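Which chain is which? The protein sequence lines are L and W, in order. Using the numbering used here, you'd call the opening residue of the first sequence number 25 and step up by one each time. Using the numbering used here, you'd call the opening residue of the second sequence number 125 and step up by one each time. Taking it in order: structure first as structure tokens, then the write-up.
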Amino acid sequence: MADVALRNVSKRFGTVEAVRELSLTVNDGEFLVLLGPSGAGKTTTLRLITGLERPDAGSVMIDGRDVTHDPPGSRDIAFVFQQYSLYPHLTVYDNLAFPLRSPARRVPEPIIRRRVEQTAELLHIASKLSNRATRLSGGEMQRVAIGRALVRDPSIYLMDEPLSSLDAKLRAELRLELKRIQLELGATILYVTHDQVEAMTMASRIGVIRDGQLLQLGTPREIYENPSSSYVASRLGTPQINFFPASLLSGVPVPPGTETVGIRTEHLRLAARNGGPMVGRVHRVEHLGEQNHVHVDFKGESLVTLADPHQPLHAGQEVELSLVHPLCFDRAGRRIPAMVH
Amino acid sequence: MTAAVAKSALAKSTAHSIVEASPRAKAVASSLVILYAVISILPLLWIGATAFKSQSDAIAYPPKVIFEPTLEGFVNLFTVRTRQTPDFIAKLPPPETWYDKLVRQHDMVIAGPSKVVPRFVNSLIIGFGSTFLAVFLGTLAAYAFSRFRIPLADDLLFFILSTRMMPPVAVAIPIYLMYRQLNLTDTRLGMILLYTAVNVSLAVWLLKGFIDEIPREYEEAALVDGYTRLQALRKVVLPQAVTGIAATAIFCLIFSWNEYAFAVLLTSGEAQTMPPFIPFIIGEGGQDWPAVAAATTLFVVPIVLFTVLLRKHLLRGITFGAVRK
């Protein structure tokens, strides 16, 4: 395991700037998640680190060594692709053994057998080793794909949305397993996803990326509680954060320059009318079982928040709104620190 | 769907299914297929039967469907014979072999082997040699076109295809003159090169389609794991392109095996292949149809065998990967 660093890396495909001046360090033993929408440059970033793409500018460092011009095979990286990319002509065993049988590595067969069996055990696919790779369920295929990275002991594991093609239940299961495995092995992982839940649950640190630029880097808690911009704030939290024009808020103290106020569910209290200044009308209540999504109309804007399912709310009802430490953003969407009281 | 499942599905629903054809439609469809198959196979069967007929049975009218089989045609194909007087034949020592005996019944003696074996060997060497070369070069070129950013790739591909756009006759004279200069006329090497050149364009186009279907993540995974490009090609791409390679090889072999125009023009002796050789079997004086039919039957065998051997790969379908798109 080792540190991996990108220094001012840029990559352009034709007219598209996939990655712009990106600098990022993945520390030894860290689970770093790059979070961003599709087309944000996440996959390109991983491909730049592996050497499947050459950067136009900047450098890639592994363990302090500049590997920018090294071929992929000599970088000691394991890559889990978004698609399963198992070799259909090989068995599960041979798929797992494939990276170890690389001519660059020359691992003796008995050691390969041991590594493959250990990995299969770890991923609960030991009983499938003699199956053809095509005779597996989606979840099993994805385990094998992850296993193909885990059989090796590389400086870093790169994972490109490895769970995105799985159904919700399997995704939740593998999420936990991946985190467990990472802790067990002390592995360094750079993981790319557009799924905020994966980012929040697995990451030691999250990097939010958009249009090839790293917007903010920090622990899940930091990113969630202290977003640097309205965009970062909008990436995390369910239901999504509400943005409300500050000019419509009377009687709520906001720092000067505040253009929009970001209101997450924990910033918004709903109560029965008690003569306060902010009165909204419940527009719709969505019952999700363990919680309700409440849509409230307030001064022509719609706010969505969570509510206790036992709270007696119904459409058409008037409610009293109050804000608790909402997030404030300026005209450009930059965060303005709250006033110190 | 298995037949049993299909039946139970039919039994459950009385209404017409959109997916499942009605028994009547199936019967019509299968009889059409059988009719087509019979029409296609009939000439082959006719040739096969003629190969085992005597000369008089072969030209009998109305045609004989039931006849006494004989190997005369094959004996005539493999031998050169001279006509002798019955007196001369009576003076000869008794025939040593069954074919000597067969020939003497027609007042002939065997003078030596015919040229069919060397011609057949030429066909094998030239056919399989050019097929191997075309598929080998085609695979490499198709891989490059499929995977690398090649300047003017589309124009190059069109240029490669354009070599097939004119009839062979159009280039016959230039090629003849060129081959004479290079001393390649009537050589196996010359024919292999020529057929490879013609086939390689087909091979590149067909194989590019197949290789495009194989996701590049496969090789990229191998590259990251420490394999070189060539090793990744051999271990990852080729096993998955087997279907396409088999289909391409069959097309190439069929072309070079059956090619007539260039073979007539460029080969006459040493390197002559079967197609220009077969018409010469007809013989002087009488027309030896059984011998011609025997030659044709033999000529068809390798290609049928080759296709049957590769059939498994052809039927396996093109996309059987484990990659989700």
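Beta carbons: idealized from backbone N, C-alpha and C, even for Gly. Because the structure is a prediction, the values reported are computed rather than measured.
Check, Outcome
"Beta-carbon spacing of Val116(L), Ile170(L) below 7 Å", "no"
"Nearest residue (CA-CA) to Ala227(L), options Leu58(L), Leu46(L), Phe37(L)", "Leu58(L)"
"Three-pair Cβ contact test at 8 Å for the stretch 377-389 of chain W versus the stretch 145-159 of chain L", "no"
"DSSP state of Met183(L) mapped onto helix, strand, coil", "strand"
"Proximity of Ala370(W) and Leu434(W) at Cβ, strictly below 7 Å", "yes"
"Other residues of its chain near Arg228(W): CB distance less than 7 Å, five sequence neighbours each side excluded", "Ile213, Pro219"
"is_contact[Gly368(W), chain L] using C-beta, thresh 7 Å", "no"
"Close-in-space but distant-in-sequence residues of the same chain around Thr194(W) (CB under 6 Å, 5 per side omitted)", "Ser178"
"Completely contained alpha helix (DSSP H) runs for the stretch 277-314 of chain W, where each covers 4 or more residues", "277-286, 292-305"
"Coarse secondary structure for Asp211(W), derived from DSSP in three states", "helix"
"Buried or exposed by the 16-neighbour rule on C-beta atoms within 10 Å, applied to Met398(W)", "buried"
"Closest Cα partner of Ala345(W) within the set Glu337(W), Ile335(W), Pro414(W), Ala356(W)", "Ala356(W)"
"Beta-carbon proximity of Ser254(W) to Ile165(W), cut-off 7 Å", "no"
"Simplified DSSP assignment, three categories, for Asp336(W)", "helix"
"Beta-bridge partners of Asn266(L), as assigned by DSSP", "Ile287(L)"
"Near-chain W residues of the stretch 67-93 of chain L - C-beta to any C-beta below 7 Å", "Thr74, Leu76"
"Other residues of its chain near Gly53(L): CB distance less than 8 Å, five sequence neighbours each side excluded", "Met25, Gly210, Ala211, Thr212"
"Close beta carbons around Leu159(W), own chain, < 8 Å, minus the five adjacent residues each side", "none"
"Per-residue burial, Trp413(W) [other beta carbons within 10 Å of its own, 16 or more giving buried]", "buried"
"Residues within the stretch 266-279 of chain W neighbouring chain L, beta-carbon criterion of under 7 Å", "none"
"Contact with chain W by Val40(L), beta-carbon distance below 7 Å", "no"
"Beta-carbon separation (whole angstroms), Val328(W) vs Phe272(W), contact threshold 8 Å", "Contact flag wrong, Cβ pair sits at about 14 Å."
"8 Å contact criterion, which Val328(L) and Ser179(L) should meet: CB distance rounded", "Going by Cβ atoms, the distance from Val328(L) to Ser179(L) rounds to 44 Å, so no, they are not a contact pair."
"Where the beta strand (DSSP E) through Asp321(L) begins and ends", "316-322"
"Val416(W) beta carbon less than 7 Å from that of Pro400(W)", "no"
"Residues that Thr49(L) bridges to, as DSSP identifies them", "Ala29(L)"
"CB contact below 7 Å: Asp26(L) versus chain W", "Before going further, note that residue 26(L) is Ala rather than Asp in the sequence given. No, no contact with chain W."
"Phe202(W) burial status per 10 Å Cβ neighbour count (16 or more: buried)", "buried"
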